[in-house]
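Here it is, written out as structure tokens:
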């Protein structure tokens, strides 16, 4: 086996591992929020809005968790993966 | 239009989730890659500083005792100090990793404030339990930024730092103004809200 070729393969594999790890953060956060919403539907007051006050309709904890996951996935992650790719070249 | 205290806890919890995700991502990809875009480098220190600023209205509008006012005021100061220090580190105004001791101080002071300003026992009601638990979590987690002063490039310590914020967020999301904890609710606490 050519040792030079093996060392060349190490960098992309390492990069891919990091990229995979960081790519799971957003979906895991969204999944956690969705699971919470299913387990505790009472925390989503939008499902039963009658008689709820302003803050109970605006602040919905499981939806906030999902929103943070989406924000990370759509705003932070694309650039981060591009930079990770560029840095390893 | 003043939000109930539990909603304020949930809003801060959302901020802590943002901090946790950013810190975990930075630990995974490395500070060099994370800082390639300036806005990203400023994201978590800026959020930390903003949360410190937002603690002042909490201190002003949710002061139901002197000790609450002191605790919230102290949190505002240490969060702003830690955020400002991290911003200065990113900007390059300061460079020594020992400046991260301000984050350790923020954790320690926040933890002690939580423990001191909770006047009831662990099982008085849910918020009492969470104040005790969050306090001890923060006191213990103060060792993480201390470790980051010694080993600033450690992936394990960077990840632990991010996870500490996620744990605090989970505890804050569990908070309710008046609710039982593991079936315990003191008869003098009042009736549960919902």
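Residue numbers (our numbering), protein chains in the order written: chain A, 1 to 89; chain B, 90 to 283. Ideal placement from N, C-alpha and C gives every residue a C-beta, glycine not left out.
Cα-Cα separation between residue i and residue j, rounded to whole angstroms
i	j	result
residue 149 (chain B)	residue 158 (chain B)	8 Å
residue 28 (chain A)	residue 103 (chain B)	15 Å
residue 273 (chain B)	residue 59 (chain A)	27 Å
residue 31 (chain A)	residue 213 (chain B)	33 Å
residue 122 (chain B)	residue 194 (chain B)	27 Å
residue 264 (chain B)	residue 155 (chain B)	21 Å
residue 106 (chain B)	residue 61 (chain A)	11 Å
residue 174 (chain B)	residue 182 (chain B)	9 Å
residue 132 (chain B)	residue 225 (chain B)	27 Å
residue 125 (chain B)	residue 83 (chain A)	7 Å
residue 39 (chain A)	residue 211 (chain B)	26 Å
residue 190 (chain B)	residue 52 (chain A)	44 Å
residue 18 (chain A)	residue 119 (chain B)	9 Å
residue 275 (chain B)	residue 260 (chain B)	20 Å
residue 231 (chain B)	residue 192 (chain B)	8 Å
Listed by chain order, chain A residues near residue i by CB distance under 7 Å
i	result
residue 113 (chain B)	25
residue 262 (chain B)	61
residue 175 (chain B)	Result: empty, since nearest Cβ-Cβ is about 17 Å, beyond 7 Å.
residue 269 (chain B)	Ordered by position in chain A, no residue passes the 7 Å Cβ test against residue 269 (chain B), which lies about 15 Å from the chain.
Under 9 Å from the C-beta of residue i: neighbouring residues of chain A
i	result
residue 265 (chain B)	Under the 9 Å cutoff, chain A gives no residues; its nearest Cβ is about 10 Å from residue 265 (chain B).
residue 90 (chain B)	54, 55
Proximity test, Cβ basis, 7 Å: residue i and chain A
i	result
residue 133 (chain B)	no
residue 146 (chain B)	no
residue 99 (chain B)	yes
residue 203 (chain B)	no
residue 221 (chain B)	no
residue 233 (chain B)	no
residue 244 (chain B)	no
residue 277 (chain B)	no
residue 110 (chain B)	yes
residue 96 (chain B)	yes
residue 122 (chain B)	yes
Chain B within 7 Å of residue i, Cβ atoms only
i	result
residue 75 (chain A)	no
residue 34 (chain A)	no
residue 18 (chain A)	yes
residue 84 (chain A)	yes
Under 8 Å by beta carbon: chain B residues contacting residue i
i	result
residue 79 (chain A)	126, 129
Cβ distance (whole Å) where residue i is taken to contact residue j below 8 Å
i	j	result
residue 140 (chain B)	residue 196 (chain B)	With a Cβ gap of about 14 Å, residue 140 (chain B) and residue 196 (chain B) do not count as contacting.
residue 76 (chain A)	residue 129 (chain B)	7 Å
residue 93 (chain B)	residue 55 (chain A)	6 Å
residue 113 (chain B)	residue 64 (chain A)	Contact doesn't hold; Cβ gap of about 18 Å is too wide.
Chain-ordered chain B contacts of residue i [CB-CB under 9 Å]
i	result
residue 64 (chain A)	99, 100, 102, 103, 106, 262
residue 37 (chain A)	Near residue 37 (chain A) there are no residues of chain B at all, since even the closest Cβ is about 12 Å away, more than 9 Å.
Check: residue i C-beta below 6 Å from any heavy atom of the ligand PLP
i	result
residue 68 (chain A)	Inclusion of the ligand PLP in the displayed structure is not the case, the ligand content being empty and no account of it being possible.
(message) My parser needs the alpha helix (DSSP H) runs of 4 or more residues fully inside the segment 112-168 of chain B; what are they?
(response) 120-123, 127-150
(message) Threshold first: 4 residues or longer. Then list the alpha helix (DSSP H) segments lying entirely within the segment 242-276 of chain B, N to C.
(response) 244-263
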